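Shown next, in structure tokens, is the structure this report addresses.
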Amino acid sequence: MTGSTLAAPIVAQITAIEASLLAFVVLTALATALARDVLAAVIVFGAYSLGMAALYTFYRAPDVALTEAAISAGVTTVLLVLTLAKTTRIDHDVAFESVNLPAVGAVGLLFGGLLLTMGDVPAVGSPDAPVWSNPDVSQWYLSESYAQTGVENTVMAVLAAFRGFDTFGEAVVVFAGGIAALIVLHREVFA
Amino acid sequence: MTLVDATVAAGYTVGDFLLLAAAGFTVLAIGMLYRAVKGPTMQDRVLAVNVLGTNTVVILALLAAALSEPTFLDIALVYALLNFLMAIAISKFTVERGGVL
Amino acid sequence: MSDARPEDDGDAEGAPPHRTRSRSVQLDSERRQGTPYTESQVIMPTVKIVAPFAFTYGLFITFHGSGSPGGGFQGGAIMAAVVFMIAFAFGIEATRDWLANTVVVALAVGGALAFAGIGLVPVARGGAFLQYDLLPIPVKYGLESVEIFGIAAIVSGVLMGLFFLLANGFNSDEGGFGDDDAESDDEERDEPDTPDAGRTTVADGGER
Numbered sequence: 007m008t009g010s011t012l013a014a015p016i017v018a019q020i021t022a023i024e025a026s027l028l029a030f031v032v033l034t035a036l037a038t039a040l041a042r043d044v045l046a047a048v049i050v051f052g053a054y055s056l057g058m059a060a061l062y063t064f065y066r067a068p069d070v071a072l073t074e075a076a077i078s079a080g081v082t083t084v085l086l087v088l089t090l091a092k093t094t095r096i097d098h099d100v101a102f103e104s105v106n107l108p109a110v111g112a113v114g115l116l117f118g119g120l121l122l123t124m125g126d127v128p129a130v131g132s133p134d135a136p137v138w139s140n141p142d143v144s145q146w147y148l149s150e151s152y153a154q155t156g157v158e159n160t161v162m163a164v165l166a167a168f169r170g171f172d173t174f175g176e177a178v179v180v181f182a183g184g185i186a187a188l189i190v191l192h193r194e195v196f197a
Numbered sequence: 013m014t015l016v017d018a019t020v021a022a023g024y025t026v027g028d029f030l031l032l033a034a035a036g037f038t039v040l041a042i043g044m045l046y047r048a049v050k051g052p053t054m055q056d057r058v059l060a061v062n063v064l065g066t067n068t069v070v071i072l073a074l075l076a077a078a079l080s081e082p083t084f085l086d087i088a089l090v091y092a093l094l095n096f097l098m099a100i101a102i103s104k105f106t107v108e109r110g111g112v113l
Numbered sequence: 040m041s042d043a044r045p046e047d048d049g050d051a052e053g054a055p056p057h058r059t060r061s062r063s064v065q066l067d068s069e070r071r072q073g074t075p076y077t078e079s080q081v082i083m084p085t086v087k088i089v090a091p092f093a094f095t096y097g098l099f100i101t102f103h104g105s106g107s108p109g110g111g112f113q114g115g116a117i118m119a120a121v122v123f124m125i126a127f128a129f130g131i132e133a134t135r136d137w138l139a140n141t142v143v144v145a146l147a148v149g150g151a152l153a154f155a156g157i158g159l160v161p162v163a164r165g166g167a168f169l170q171y172d173l174l175p176i177p178v179k180y181g182l183e184s185v186e187i188f189g190i191a192a193i194v195s196g197v198l199m200g201l202f203f204l205l206a207n208g209f210n211s212d213e214g215g216f217g218d219d220d221a222e223s224d225d226e227e228r229d230e231p232d233t234p235d236a237g238r239t240t241v242a243d244g245g246e247r
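Chains as they are written, first to last, in my numbering: chain A, 7 to 197; chain B, 13 to 113; chain C, 40 to 247.
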């Protein structure tokens with residue numbers, strides 16, 4: 007990927023698109039959390055996923071962005087709407103939940119504490135970041151994955167080959183999730 | 013030297029302007045968000061999220077062009093195909109409170 | 040959709056055949072107004088056009104995961120989303136009859152077994168789990184077969200299953216969670232153990 011070879015003028019402008027995308031994501035997340043009507047929250051959550059996919063794309067993580075697009079736009083919204091159709095929905099007069107001020111204070115303190123650690127985090131896309139410059143992990147995967155697997159997409163090489171057993175565990179978790187839904191809903195067949 | 017790297021004016025390349033355009037579309041998306049959050053009826057929200065989805069397809073396509081990564085267009089295509097699914101799911105739910113599902 | 044189905048043999052007032060069968064869980068609006076409006080003249084033709092492209096794109100993302108962004112998880116989710124799309128356009132009950140429970144279960148279980156099987160072949164040859172260079176095919180095809188036959192099948196099968204499961208709702212007949220309506224609704228409910236009941240009549244009418 008071209009993360010470390012950005013021309014200097016682009017670096018100067020990253021802030022414009024980054025700032026607007028981050029503002030969009032934060033606003034949608036706040037609206038999702040505060041919306042009183044559940045269907046409105048589901049719809050705004052769909053908008054949140056749109057912003058997240060664009061943000062992942064901008065950070066050169068196309069596989070994550072594609073997962074966000076497929077799962078969030080295609081699956082999560084549909085399943086949530088379907089669940090709402092099977093439950094009762096209450097009409098509300100007010101659009102937003104009232105905010106609990108002590109809870110906001112507690113979350114703000116936690117957020118401030120985390121913000122203090124941000125000075126030690128390497129900059130986005132920095133070539134000196136340990137996660138990028140580590141010769142035994144990231145650089146080894148990037149240099150060896152094509153030679154050892156013949157697959158151009160390093161993400162897939164790591165997922166299916168170098169971390170294949172973890173992926174097997176994840177696949178079994180998805181499978182177990184389907185069975186758990188059967189048990190919870192007291193059904194014996196899917197369709 | 014591709015078209016994206018060509019200098020237009022004052023040291024700024026075509027890619028920079030594409031990124032700036034993507035930022036502009038994101039600002040527009042924040043404006044559209046008002047209708048999705050406020051929207052008195054559910055139909056307003058469905059329309060708002062549909063327009064937001066189309067807007068995101070444009071943003072993703074601009075990002076793919078600006079970053080010189082043609083494979084990023086895959087994400088825009090997936091969104092274009094699945095945004096339709098999101099819209100019909102919610103719009104059919106608004107009829108009879110999901111009774112037609 | 041007033042008189043587009045003259046061969047309905049009058050079992051209900053103009054309702055499509057699969058709507059005359061009682062739904063598993065009836066909503067209040069349905070009791071009040073009878074069988075609701077299902078097929079939209081806008082959504083159905085649009086889905087007919089979009090669904091083949093979306094399904095092909097899901098296959099492309101699954102099969103081409105080694106050369107471009109994507110892979111089995113994303114492609115499987117998109118293929119399951121195509122089934123959701125068809126279900127919204129043609130009605131969930133009609134889709135449930137078209138896509139048998141056997142197919143959904145076979146996808147999920149077959150995917151898990153295929154993943155484990157591909158992983159265990161190298162073990163049988165004296166290597167480690169998922170040691171692709173011991174497979175009789177090139178390493179690249181080993182990875183892709185795991186993505187295609189393993190992950191994509193599990194994800195699409197489980198997601199389709201979750202969709203049909205949530206559309207059915209909670210089965211309060213055997214649950215014992217104290218649903219007061221369970222007794223009065225008994226004659227209207229489908230038997231969850233016999234999904235084949237009434238399948239033939241729906242197969243006649245659902246596709247037209």
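Just so you know, even glycine gets a beta-carbon here, dropped at the ideal spot from N, CA and C.
All values derive from a computational prediction rather than experimental measurement.
Own chain partners of residue i with C-beta closer than 7 Å, once the 5 adjacent residues on each side are dropped
i      : result
B:I115 : Any property of residue 115 of chain B remains undetermined from this structure, which presents chain B solely from 13 to 113.
C:L205 : none
A:L34  : In the sequence as presented, Leu is not what sits at residue 34 of chain A; that position holds Thr. Only V50, A53, Y54 and G57 meet the Cβ criterion.
C:A117 : First, the residue type needs correcting, since residue 117 of chain C is Ile and not Ala in the sequence shown. Excluding residues within five positions, the ones whose Cβ falls inside 7 Å are A93, Y96, G97 and I100.
C:V160 : L174
A:L148 : T160
CA-to-CA distance, residue j to residue i, given in whole angstroms
i      : j      : result
A:F117 : C:A167 : 45 Å
A:A153 : C:V86  : 43 Å
A:V157 : A:R42  : 47 Å
C:D50  : C:D136 : For C:D50, the predicted model reports a pLDDT of 44, less than 50, meaning its position is unreliable and no value from the coordinates is stated.
A:M162 : C:G110 : 7 Å
C:V144 : B:G23  : 59 Å
C:G189 : A:D142 : 29 Å
C:P108 : C:T141 : 31 Å
A:G131 : A:G114 : 28 Å
A:A182 : A:F168 : 23 Å
A:Q145 : C:I88  : 45 Å
C:A133 : A:A197 : 11 Å
C:D210 : A:A187 : The identity of residue 210 of chain C in the sequence shown is Asn, whereas the question assumes Asp. Computed Cα separation, rounded: 12 Å.
C:F112 : C:G156 : 19 Å
C:V122 : B:V61  : 22 Å
A:G111 : A:A129 : 28 Å
A:S139 : A:I23  : 26 Å
Identity of the residues DSSP links to residue i by a beta bridge
i      : result
A:F102 : A:A41
B:Y24  : B:A21
Contacts around residue i, its chain only, beta-carbon distance under 8 Å, and the 5 residues preceding and following it disregarded
i      : result
B:N25  : Inspection of the sequence shows that residue 25 of chain B is occupied by Thr rather than by Asn. Once the five neighbours on either side are set aside, the close Cβ partners of B:T25 are V16, D17, A18 and T19.
B:S103 : Q55 and V58
C:G217 : At C:G217 the pLDDT is 44, less than 50, meaning the model places this residue with poor confidence; the figure from the coordinates comes in the next sentence. If we look at C:G217 and ignore the five residues flanking it on each side, it has no Cβ neighbours.
B:N67  : F37, L40, A41 and M44
A:G184 : F196
Start and end residues, alpha helix (DSSP H) containing residue i
i      : result
A:T160 : T160 to A163
A:I189 : G170 to V190
A:D142 : Where A:D142 is concerned, there is no enclosing alpha helix (DSSP H), given that its DSSP letter is neither H nor E.
C:G150 : N140 to A163
C:V207 : Sequence check: residue 207 of chain C is Asn here, not Val. C:N207 -> alpha helix (DSSP H) spans A192 to N207.
B:S103 : L85 to T106
C:Y171 : Unbroken run through C:Y171: none, as it is neither H nor E.
C:S79  : First-last for C:S79: undefined, no H or E at that position.
B:N67  : M54 to A78
C:G104 : From DSSP, C:G104 is part of no alpha helix (DSSP H); its letter is neither H nor E.
C:S184 : V178 to S184
A:T73  : P68 to E74
A:P108 : L107 to L122
Cβ neighbours of residue i in the same chain (closer than 6 Å, five flanking residues each side left out)
i      : result
C:D224 : Because C:D224 carries a pLDDT of 43, less than 50, the predicted location of this residue cannot be relied on, and no value is offered for it.
C:A119 : S195, L198 and M199
C:Q169 : A quick correction: the sequence has Leu, not Gln, at residue 169 of chain C. Cβ neighbours of C:L169 beyond the five flanking positions: G158.
A:D69  : V161
C:G114 : G97, I100, T101 and A191
B:A78  : G27, L30 and L31
B:L74  : L30, A33 and A34
Notebook entry, point to check: the region 17–43 of chain B: which residues have C-beta closer than 7 Å to a C-beta of chain A, in chain order?
Noted result: Flagged, chain order: G23, Y24, T25, G27, D28, L31, L32, A34, A35, T38, V39, A41 and I42.
Item checked: Proximal residues, the region 66–86 of chain B versus chain C, C-beta separation under 8 Å -> Result list: T83, F84 and D86.
Give me the subset of the region 153–179 of chain A whose CB atoms are less than 9 Å from a CB atom of chain C, sorted by chain position. So the close ones are Q154, T155, G156, V157, E158, N159, V161, M162, A163, L165, A166, A167, G170, F171, T173, F174, E176, A177 and V178.
Check: For the region 86–101 of chain B, which residues have a beta carbon sitting closer than 8 Å to at least one beta carbon of chain C?
Finding: Residues passing the 8 Å Cβ filter: D86, I87, L89, V90, L93, L94, F96, L97, I100 and A101.
Q.
Please list, in chain order, the residues of the region 26–55 of chain A that have any C-beta partner in chain B closer than 8 Å.
A. Those residues of the region 26–55 of chain A that come within reach of chain B (Cβ to Cβ, closer than 8 Å) are S26, L27, A29, F30, L33, T34, A37, A41, L45, A46, V48, I49, V50, G52 and A53.
Q: Using a Cβ-Cβ cut-off of less than 8 Å, list which residues of the region 152–171 of chain C approach chain A; keep chain order.
A: Listed in sequence order: F154, A155, G158, F168, L169 and Y171.
**Q.** Chain-ordered residues of the region 80–98 of chain A with a beta carbon less than 8 Å from chain B
**A.** Those would be G80, T83, V84, V87, L88, L90, A91, K92 and R95, in chain order.
Checklist entry - Relative to chain A, which residues along the region 129–144 of chain C have a C-beta separation below 7 Å, given in chain order? => result Within the region 129–144 of chain C, contact with chain A at the beta-carbon level (separation under 7 Å) is assigned to R135, L138, A139, N140, V143 and V144.
Which residues, in order along the region 182–210 of chain C, keep a beta-carbon less than 8 Å from a beta-carbon of chain B? The residues in question are A206.
- Message: At a CB distance below 9 Å, what residues from the region 62–74 of chain A approach chain B? Give them in sequence order.
- Response: Of all residues in the region 62–74 of chain A, those with a C-beta nearer than 9 Å to a C-beta of chain B are Y62, T63, F64, R66, P68, A71, L72 and E74, reading in chain order.
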